[in-house]
Structures are given as C-alpha cells and as structure tokens.
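Undergrad: Residue numbers (mature numbering (1 follows the signal peptide of the UniProt record, and there is no 0)): -23 to -1, 1 to 298.
By construction, the Cβ of each residue, glycine as well, lies at the ideal position given by its N, Cα and C atoms.
Supplied in structure tokens, the structure appears directly below.
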C-alpha cells in the first residue's frame, strides 16, 4: 500500500469513527408484548419496516404476554449493550428494577403504545402512545350521540387487567357516558384483548342478559375482542350492528370487514406506527443529544360505516394485521 493510500484509508477510518450514531447503524432491542391481537401483529410488522427505512438493526423479543419474559429480554439487551431499548409493557407496574439497570448502563428506554406507573417516569426517555383516555371518550361520545335519549344497557369487554391502556380506555368511556343517564354499563369483564376470550365473555353476557335481548350496545377495548363478540352474537341468533350496536378501538382490518357487512358500527383508530416517531427520537438523542418530550402523542380517529369500510380494509390488510 502506498503512503497516499494508507493515509486515505486512515482518514476514512477516522471519519467513520467520528460519525454520529444516527449515521451509523443503530442496534435497538424491542421487548414486544406478543401477538395477542391483529393490531399488535401490525405494530411489529410496521416497526420492522420503519427500522429498515432507517437502516436500524431492530431485535424483537416476543414476550407471549408475560412480564417476566419482558424483564428477561431487557436484561439480555442490556448485556448485549444495545444502543436503545423499546418496551411495550404488558402491565404498568413492576418495571423499576430492570429499568434502573438500563439507566445505569446508559441505555435509553422508549415506551411504545403503553405507559408505566408514574413512579417510573424518570427511568425512560420518552413514551410514544395515543391518548387512550381520549379514545374511550370518543367511543362513549359516539354511542351517546347514536342512541340519543333511548335507554341503553351496555356490556363492556375490558382489556388485560393491569394494563394502562385498559384502565384508560375504561376511564374515558365511563367519563363520556356519565353525562347521559340513559346509558348504563350493566356488565364488564376482561377479554384479555383476544378474539377467543372476547367471544367467550360475550357468550356469558348473552346468557346473563336474557339471550342478549336486553343488550343495547357492546363496547370493547379493542377490535379483536369485538370480532369475537360479533361471532358470539351471530351464533346466538342476534344481529350485531343492527339489533346491538358495537363500538371498539384500534381500527384493524377485520373490524372494517365486519362494518362493510353491516355487523359493526364504529371503531377508534390506534396507529400501529409507534416505532417511527420513537426511532426518530432516538436518532436525534444519539446524534445531537436532543431530549424528546416525555410524551409523544399519536393521532386517533373515529371511523363508522359512512367512511367506506371496504376501501379502508383494502388499504390496511397488507400491513401485517
């Protein structure tokens, strides 16, 4: 190698070492809850797409809905000395010890989709989430407007017990319907955000409510539980979307298919792209030391049968739901 070539090679190596983290490949560990719903599967798929766009090495660990698996994954990411950790927490409590370990290792943590107990707010860099209280309020306001002054008994399919999003979607809905004396939640039970459990719980509601004849509406904390509930209603000889109103949250493709068939009425969108804003925040933090706001809020939107559900289904079905 000539002296000139050696100098050029040395200069190139020095430049690469000096590049900010955002220009080199980042390695980020993502502790994902699992695939309990179509929305969750889409979040994983979209996260991979967003990471690929930015040439980020995204390592995803599926926790299968178990917090202990998430804690193990985070500790594994710390041992690997990743550049950052994304966490979609299955429940809101019990994170202090492992997040302190990440902080001591100087690895920034970003929460995706769900929040944790306020006592742990100093242990993560930012949270990219929707306003899940607002989502519940939008669902409740739609139902109140739709039924008008008619007496309406509502059954509620709650999300996973202990999950912040479940508590908040319940809180928002309760706040909205509390303004209307004609609306009343007569039964409420967890369906764990899954179709199978949503169907099972709805079957029990139908039996308990005179074959479903006394049920005016179903509110589900996610669309997957509602899809299960719709199946239960149909099997019981009821007409969901007509005899019994439905409103749920997430805006997954299958709820639009049900809407197009006249079997569902409304859904509130939760975007599956939480990773895009999170990746941008990490890049800016690593590159320039820019500290993001503690909460990066994503948009929510109400969809009904008036919004061409078949067209929306066609646009969403390829996203990994």
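1. Would you please state the rounded distance, in angstroms, between the beta carbons of residue 200 and residue 228? I believe it to be under 8 Å.
2. Which term fits residue 268, buried or exposed, when burial requires 16 or more other beta carbons within 10 angstroms of its beta carbon?
3. Where does residue -3 sit, in a helix, a strand or coil, going by DSSP?
4. Report the three-state DSSP secondary structure of residue 16 (helix, strand or coil).
5. Spatial neighbours of residue 235 within its chain, please: CB distance less than 7 Å, with the 5 preceding and 5 following residues excluded, ordered by chain position.
6. Given a threshold of 16 other Cβ atoms within 10 Å of its Cβ, counted over all protein chains shown, does residue -2 qualify as buried or as exposed?
7. On the premise that residue 112 lies in contact with residue 153, defined as a C-beta separation below 8 Å, what is that separation, rounded to the nearest angstrom?
8. Using a Cβ distance threshold of 8 Å, determine whether the segment 94 to 104 contacts the segment 24 to 43, with at least three qualifying pairs required.
9. Between residue 193 and the rest of its own chain, which residues show a CB-CB distance below 8 Å, the 5 nearest in sequence each way excluded?
10. Kindly identify the DSSP beta-bridge partner or partners of residue 130.
11. Between which residues of its own chain and residue 172 is the CB-CB distance below 6 Å, once the five residues before and five after are set aside?
12. When you compare the segment 6 to 18 with the segment 63 to 72, are there three or more beta-carbon pairs, one atom per stretch, that lie closer than 8 Å?
13. So which of 282, 246, 283, 271 has the shortest CA-CA distance to residue 20?
14. Indicate whether the contact test is met: 3 or more Cβ pairs, each with one atom in the segment 76 to 85 and one in the segment 43 to 59, closer than 8 Å.
15. By the 10 Å Cβ neighbour count, where 16 or more other Cβ atoms means buried, how is residue 72 classified, buried or exposed?
16. Considering only the beta carbon of each residue, do residue 134 and residue 195 sit closer than 8 Å?
17. Leaving out five residues on either side along the sequence, give the residues of the same chain with a beta carbon under 7 Å from the beta carbon of residue 232.
18. Taking residue 252 and residue 89 to be in contact with their CB atoms under 8 Å, please state how far apart those CB atoms are, rounded to whole angstroms.
19. I'd like to confirm the pairing. Which residues does DSSP put opposite residue 4 in its beta bridges?
20. Within 10 angstroms of its Cβ, does residue 249 collect 16 or more other Cβ (buried), or is it exposed?
21. Grouping DSSP H, G and I as helix and E and B as strand, with all else coil, what is residue 217?
22. Roughly how many angstroms separate the alpha carbons of residue 94 and residue 6, rounded to a whole number?
23. Report, in whole angstroms, the separation of the C-beta atoms of residue 145 and residue 109, which I expect to be a contact under 8 Å.
24. Taking the CB atoms as reference points, tell me whether residue 38 and residue 297 lie closer together than 8 Å.
25. When burial is assigned at 16 or more other CB atoms within 10 Å of the CB, is residue 174 buried or exposed?
TA: Once the coordinates are examined:
1. 7 Å
2. exposed
3. Note that residue -3 has pLDDT 44, beneath the 50 cutoff, so the model's placement of it is unreliable and no number is given.
4. Here residue 16 carries a helix assignment [DSSP, helix/strand/coil].
5. 204, 207, 241.
6. Confidence in residue -2 is poor, its pLDDT being 44 and thus under 50, which makes the residue's placement too unreliable to answer from.
7. At roughly 11 Å, the Cβ-Cβ gap does not stay under 8 Å, so residue 153 and residue 112 are not in contact.
8. no
9. If we look at residue 193 and ignore the five residues flanking it on each side, its Cβ neighbours are 124, 127, 128, 129, 130, 131, 221, 222.
10. 161
11. Once the five neighbours on either side are set aside, the close Cβ partners of residue 172 are 201, 204, 205.
12. yes
13. 246
14. yes
15. buried
16. yes
17. Excluding residues within five positions, the ones whose Cβ falls inside 7 Å are 200, 203, 204, 225, 241, 244.
18. 7 Å
19. 34
20. buried
21. strand
22. 22 Å
23. In this structure residue 145 touches residue 109 by the C-beta definition: roughly 4 Å separates them, less than 8 Å.
24. no
25. Counting Cβ neighbours within 10 Å, residue 174 comes out buried, since at least 16 surround it.
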